[in-house]
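Residue numbers (the working numbering), protein chains in the order written: chain V, 1 to 164; chain S, 1001 to 1166.
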């Protein structure tokens, strides 16, 4: 059933490096992903996202003119819940804590430091499939819930959960 | 009747059905462990693409030399080109079987990020290390570690000298 699920997936791969785009697209092909869409920067990705409505976005961080952080923020600002909650996996050579924090604050779901390994890519994809995270919206942040579901809440419940 | 006070809502949470539920109509958990046969196919794919990448890497590293002197002399465009190429190499080289080249590129990027007035000597030593690693297949991790330590010492000496002079 895993292969049939992968066969139904549409994944958008965004990277300004032709080699990296080609690599990730080919690895996804081997995994049996049904449709892989590629884009060379955040602008092209935005247009292709709206056209193809992918299930998962895998994006590089540093790109011109529009980088992966801005792309993530734009995706998290879409009006439609299902699109806005798309899992975003950022793949970056920037392994510094500041880059990871910036990705988190931009609404990125998961982060892979380059070099990319097949196992790591698969684990992140399965994470997006098996452990969908709630989308949280506050006046200053929209993105995946950073807290684990199981944690007990100490104090009044101030969260409003909408099940769709 | 209990008087229930609704606290101020400060966050809205949206819980969507999983991708499996949406696609298959039932909840489904994909295997966490990657099938070894699929892993082999993925690694074979990387090997296939590596051959094409290694030619590109040789050209790319070779072309880095031309940016060193202008970047060291303060040419912003040359600095940007050098940084962009080094950044791409640090992201790709390790994936395609040149981990030591990736480590040298990482060191060069870190140097350029930390020292805007980068010294040509330091840049040249980095690029030469990358060049040698590409030519030799770049598999000698011990030599790479020793070279990186030497590069760190060179950076410290070069910029300590500048601070003393300044």
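Every residue gets a Cβ at the ideal spot worked out from N, C-alpha and C, and that includes glycine.
Return the CA-CA distance between residue i and residue j, expressed in angstroms with no decimal places.
i	j	result
residue 122 (chain V)	residue 144 (chain V)	20 Å
residue 1159 (chain S)	residue 23 (chain V)	39 Å
residue 1014 (chain S)	residue 5 (chain V)	23 Å
residue 108 (chain V)	residue 1056 (chain S)	31 Å
residue 1070 (chain S)	residue 39 (chain V)	32 Å
residue 1086 (chain S)	residue 1026 (chain S)	46 Å
residue 1147 (chain S)	residue 1124 (chain S)	13 Å
residue 15 (chain V)	residue 93 (chain V)	12 Å
residue 1016 (chain S)	residue 62 (chain V)	30 Å
residue 28 (chain V)	residue 13 (chain V)	10 Å
residue 25 (chain V)	residue 1088 (chain S)	18 Å
residue 1102 (chain S)	residue 1134 (chain S)	10 Å
residue 42 (chain V)	residue 11 (chain V)	15 Å
residue 88 (chain V)	residue 1065 (chain S)	37 Å
residue 1109 (chain S)	residue 1090 (chain S)	8 Å
residue 78 (chain V)	residue 105 (chain V)	16 Å
residue 1021 (chain S)	residue 1030 (chain S)	12 Å
Could you check whether the Cβ of residue i sits closer than 9 Å to any Cβ belonging to chain V?
i	result
residue 1002 (chain S)	Note that residue 1002 (chain S) has pLDDT 46, beneath the 50 cutoff, so the model's placement of it is unreliable and no number is given.
residue 1153 (chain S)	no
residue 1131 (chain S)	no
residue 1077 (chain S)	no
residue 1159 (chain S)	no
residue 1088 (chain S)	yes
Identify the contact partners of residue i in chain S, using a Cβ-Cβ distance below 9 Å as the criterion.
i	result
residue 129 (chain V)	1018, 1019, 1020, 1028, 1029, 1030
residue 23 (chain V)	1045, 1046, 1049, 1053, 1092, 1095, 1096
Would residue i pass as an interface residue toward chain S - the criterion being a Cβ-Cβ separation below 9 Å?
i	result
residue 116 (chain V)	yes
residue 65 (chain V)	no
residue 126 (chain V)	yes
residue 62 (chain V)	yes
residue 9 (chain V)	yes
residue 14 (chain V)	no
residue 110 (chain V)	no
residue 71 (chain V)	no
residue 56 (chain V)	yes
Name the chain V residues that come within less than 7 Å of residue i, Cβ to Cβ?
i	result
residue 1148 (chain S)	Per Cβ cutoff of 7 Å: no residues; residue 1148 (chain S) is ~16 Å from chain V at best.
residue 1100 (chain S)	Here the premise fails: no neighbours, minimum Cβ distance about 12 Å.
residue 1103 (chain S)	The premise fails here: residue 1103 (chain S) is roughly 11 Å from chain V at the closest Cβ pair, so nothing lies under 7 Å.
Anything in chain V within Cβ reach of residue i, meaning under 9 Å, just list it in chain order.
i	result
residue 1037 (chain S)	Ordered by position in chain V, no residue passes the 9 Å Cβ test against residue 1037 (chain S), which lies about 10 Å from the chain.
How would you list, in chain order, the residues of chain S whose beta-carbon sits under 7 Å from the beta-carbon of residue i?
i	result
residue 20 (chain V)	1091, 1092
residue 27 (chain V)	1042, 1045
residue 119 (chain V)	1034, 1039
residue 5 (chain V)	1020, 1023, 1024, 1028, 1030
residue 144 (chain V)	Per Cβ cutoff of 7 Å: no residues; residue 144 (chain V) is ~10 Å from chain S at best.
Kindly list, in the order they appear in chain V, the residues whose Cβ is closer than 8 Å to that of residue i.
i	result
residue 1053 (chain S)	19
inquiry  = Tell me which residues of the segment 78 to 106 of chain V have at least one Cβ-Cβ distance to chain S shorter than 7 Å, keeping chain order.
reply    = 81, 82, 85, 93
inquiry  = Using a Cβ-Cβ cutoff of 8 Å, what residues of the segment 1056 to 1069 of chain S are near chain V? List them in chain order.
reply    = 1056
request  = Give the residues from the segment 1105 to 1126 of chain S that approach chain V closer than 7 Å (Cβ to any Cβ), ordered along the chain.
outcome  = none
query = Can you list the alpha helix (DSSP H) stretches of 4 or more residues lying completely in the segment 1073 to 1106 of chain S, in chain order?
reply = 1076 to 1092
Whole beta strand (DSSP E) elements within the segment 50 to 110 of chain V, 3-residue minimum = 56 to 60, 88 to 92
task = Note down, in chain order, all residues in the segment 29 to 50 of chain V with a beta-carbon under 7 Å from any beta-carbon belonging to chain S.
result = 30, 31
ask   = For the segment 1032 to 1074 of chain S, which segments carrying the alpha helix (DSSP H) assignment without a break, of at least 4 residues, lie completely within its bounds, in sequence order?
value = 1036 to 1072
task = Taking only runs that begin and end inside the segment 1117 to 1165 of chain S, name each unbroken beta strand (DSSP E) of 3 or more residues, in chain order.
result = none
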